Amino acid sequence: MARDLLGKVLVHDTREGLASGLIVEVEAYVGESDPACHAAPGPTKRNAPLYGPPGFSYVYLNYGVHYLVNVVTEPEGSPAGVLIRALEPLEGIALMRRRRMRPIPDHALCQGPGNLTRALGISLKNNKFDLRGDTLYIADRGRGIESVSWSPRIGIAVGTDRGWRCFASGHVSVSREPLSPLRKI
DNA sequence: AGCAAGATTAGC
DNA sequence: CTAATCTTGCTA
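Residues in the first sequence are numbered from 1 upward in steps of one, following the working numbering.
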């Protein structure tokens with residue numbers, strides 16, 4: 001589930017160095033019946049990773065400008081992914097700032113799905129990566145998120161009825177506050 | 001072969 | 001509020 005990814009750590013280890021951040025905001029895109037999911041039109045070349053085994057990455061170029069990274073969550077043949085929308089920077093902050101090429105406070109370096117891939121140096125080359133590997137991977141460092149909020153997903157025109165965005169309540173690195181949180185746990 | 005749209009962001 | 005920027009997927 002999307003909730004389980006909150007509090008985990010996304011790490012990208014490259015020649016330039018290692019950068020990582022605590023996952024504080026995600027959105028679920030589930031199945032061909034979800035109109036906002038890239039699997040909605042059925043299998044295509046682009047969404048192939050969604051139909052693959054869980055635990056792999058699905059990276060794509062959005063608006064011709066930003067790379068967005070998902071974690072494939074369902075068994076092979078069942079297309080679903082969780083979009084990572086924001087991280088609290090942990091390691092490699094100097095490297096992140098260099099990649100962002102812009103004066104930004106620490107907490108905002110990985111704020112937003114396009115910004116975090118830029119800060120971590122994630123691109124199309126990282127598509128279909130095994131997230132239990134040693135280049136782009138998710139680590140459990142025993143850190144949890146104490147308070148979680150849910151809201152509709154952001155930036156989409158369809159499927160807004162589903163409250164499948166979840167984030168660390170009130171965290172400074174969350175991309176933005178929800179218009180209407182559905183519940184808090 | 002041509003075209004419209006898109007899970008965003010920064011700048012005016 | 002809008003431009004930027006380009007790949008995918010659909011239509012002809």
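Note that CB positions come from ideal geometry on N, CA and C, so glycine has one too. This one's a predicted model, so the numbers in the text were calculated from it and none came from an experiment.
So, is Glu88 buried or exposed, given that buried needs 16 or more other C-beta atoms within 10 angstroms? buried
Nearest-angstrom Cα separation, counted from Thr44 out to Arg165: 25 Å
Please look up how many angstroms separate the CB atoms of Pro79 and Pro54, rounded, as I've assumed it's under 8 Å. No, Pro79 and Pro54 are not in contact; Cβ-Cβ is about 11 Å, not under 8 Å.
For a quick check, are the C-beta atoms of Lys8 and Phe56 less than 8 Å apart? no
Once the 5 residues before and after Leu61 are set aside, which same chain residues still bring their CB inside 7 Å of it? Tyr67, Leu124
Could you tell me which residues DSSP puts in a beta bridge with Ser20? Val11, Glu91
Ser151, buried or exposed, once every other Cβ within 10 Å from all chains shown has been counted against 16: buried
By how many angstroms is the C-alpha of Arg132 removed from the C-alpha of Ile138? 7 Å
Going by the DSSP bridge assignment, what does Tyr29 pair with across the sheet? Gly81
Contacts around Leu5, its chain only, beta-carbon distance under 8 Å, and the 5 residues preceding and following it disregarded: Ile23, Val26, Val71, Val82, Ile84, Ile138
Would you please state the rounded distance, in angstroms, between the beta carbons of Ala2 and Gly159? I believe it to be under 8 Å. That belief does not hold up - the Cβ atoms of Ala2 and Gly159 are roughly 14 Å apart, past 8 Å.
Starting from Leu61, follow the beta strand (DSSP E) in both directions and report where the run begins and ends. 57-62
Tyr29, buried or exposed, once every other Cβ within 10 Å from all chains shown has been counted against 16: buried
Let me know the secondary structure DSSP gives His66 once reduced to three states. strand
Assign Pro49 to buried or exposed, taking buried as 16 or more other Cβ atoms, counted over all protein chains shown, within 10 Å of its Cβ. buried
Beta bridge counterpart(s) of Asp4 as assigned by DSSP: DSSP lists no partner for Asp4.
Can you pull the DSSP bridge partners for Tyr51? Note: Tyr51 sits in no beta bridge, so no partner.
Thinking just about the alpha-carbon of each residue, which of Ser169, Val59, Leu18, Met101 is nearest to the one in His38? Val59
Between which two residues does the alpha helix (DSSP H) harbouring Leu120 extend? 113-120
Closest by CA to His12, which one among Ala119, Ser169, His107? Ala119
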